[in-house]
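J.:
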Amino acid sequence: MAFPKRKNLQEQKRQKLVIVGSKNPIKVKCTESAFQTLFEDYFIIQGLSVDPKVSSQPVGDVETYTGAYNRAFESKKAFPEADYWVGIEGGVDEVGEQLVAFAWIVVMDTNNAIGKAKTSTFFLPDAINKLVKEGLELGEADDKVFNRNNSKHESGAVGILTNGVINRKEYYEQAVMLALIPFLNKHLY
């Protein structure tokens with residue numbers, strides 16, 4: 020009795036291209052992990068530098084969401100051959116005298132569907148609040164307060180403040196998965 024030939028993994032799955040509107044390795048890795056976890060297809064994830072058209076440190080939900088949307092939209096304009104485009108934008112917002120940190124995620128596909136989600140929020144320490152309110156970007160403030168270099172491409176504030184228990188990749192990854200809900204449930208959206 021002859022067994023049918025098995026196709027290699029790449030032949031079994033359809034190859035799809037996802038463009039992330041940033042070359043930040045954390046944003047690219049969390050997107051890759053989220054897509055690979057939720058879908059059966061084989062994905063190639065590529066980062067692309069685009070202008071989010073917001074301030075370097077977005078403040079508030081509207082500006083931060085706009086940055087995420089623009090990252091996805093500008094990626095789609097720059098590389099229309101892809102299957103999905105992802106925008107991830109970190110921001111801060113004032114709650115009384117304190118600042119909270121969070122990120123918005125926007126995912127677009129070739130059918131003009133859109134998925135959106137927001138990470139959980141957490142309060143920033145006073146030393147970081149002060150520096151951000153003085154005009155530093157959150158990653159720069161983290162580096163200054165915690166004597167680090169380029170933490171926004173690594174653990175970020177969430178990783179530093181949780182002693183690495185919650186790393187930035189995982190923090191964003193969950194929200195990317197939530198933004199993919201409309202693509203998993205096309206009949207409902």
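If you want the numbering used here, it's the position in the sequence shown, counting the first as 1, plus 19.
Backbone N, C-alpha and C define an ideal beta-carbon position, used for all residues, glycine too.
Considering only the beta carbon of each residue, do V105 and L67 sit closer than 8 Å?
T.: As a first step, residue 105 must be located in the sequence shown, where it is residue number 86. As a first step, residue 67 must be located in the sequence shown, where it is residue number 48. Not in contact: V105 and L67 (Cβ atoms no closer than 8 Å).
J.: State the beta-bridge partners of D102 as determined by DSSP.
T.: Walking along the sequence shown from the start, residue 102 turns up at place 83. The partner list for D102 (beta bridge, DSSP) is empty, contrary to what the question assumes.
J.: Nearest-angstrom Cα distance between E59 and Q76?
T.: Here residue 59 corresponds to residue number 40 of the sequence shown, with the count starting at 1. Here residue 76 corresponds to residue number 57 of the sequence shown, with the count starting at 1. Approximately 36 Å, taken between the alpha carbons.
J.: So what does Y61 bridge to, in DSSP terms?
T.: The residue given as residue 61 occupies position 42 in the sequence shown. DSSP lists Q34 as partners of Y61.
J.: Quick one: measure Cβ to Cβ for E93 and V69, integer angstroms, because I've assumed they're closer than 8 Å.
T.: Sequence index remark: in the sequence shown, residue 93 carries index 74 (1-based). Sequence index remark: in the sequence shown, residue 69 carries index 50 (1-based). Indeed they touch by this definition, with Cβ atoms about 4 Å apart.
J.: Out of K205, E192, G110 and I133, state which residue places its alpha-carbon closest to the alpha-carbon of F54.
T.: Start at 1 with the first residue of the sequence shown, and residue 54 comes out as number 35. It is E192 whose Cα lies nearest to the Cα of F54.
J.: So for E173, helix, strand or coil by DSSP?
T.: Mapped onto the sequence shown, residue 173 falls at position 154. DSSP places E173 in coil when its eight states are reduced to three.
J.: With burial defined as no fewer than 16 other Cβ atoms inside 10 Å of the residue's Cβ, what is the status of L28: buried or exposed?
T.: In the sequence shown, the residue the question calls residue 28 occupies position 9. Because L28 carries a pLDDT of 49, less than 50, the predicted location of this residue cannot be relied on, and the following value inherits that uncertainty. Exposed: under 16 other Cβ atoms inside 10 Å.
J.: Could you spell out where the beta strand (DSSP E) holding D128 opens and where it closes?
T.: Taking the first residue of the sequence shown as 1, we reach residue 128 at position 109. In the DSSP assignment, D128 falls within the unbroken beta strand (DSSP E) covering Q117 to D128.
J.: Mapping the DSSP letters down to three states, classify A136 as helix, strand or coil.
T.: Mapped onto the sequence shown, residue 136 falls at position 117. In this structure, A136 counts as strand in the three-state DSSP scheme.
J.: Near L150, which residues of its chain fall below 8 Å by C-beta distance, leaving aside the five closest residues on each side in sequence?
T.: Start at 1 with the first residue of the sequence shown, and residue 150 comes out as number 131. Excluding residues within five positions, the ones whose Cβ falls inside 8 Å are E159, A160, K163 and V164.
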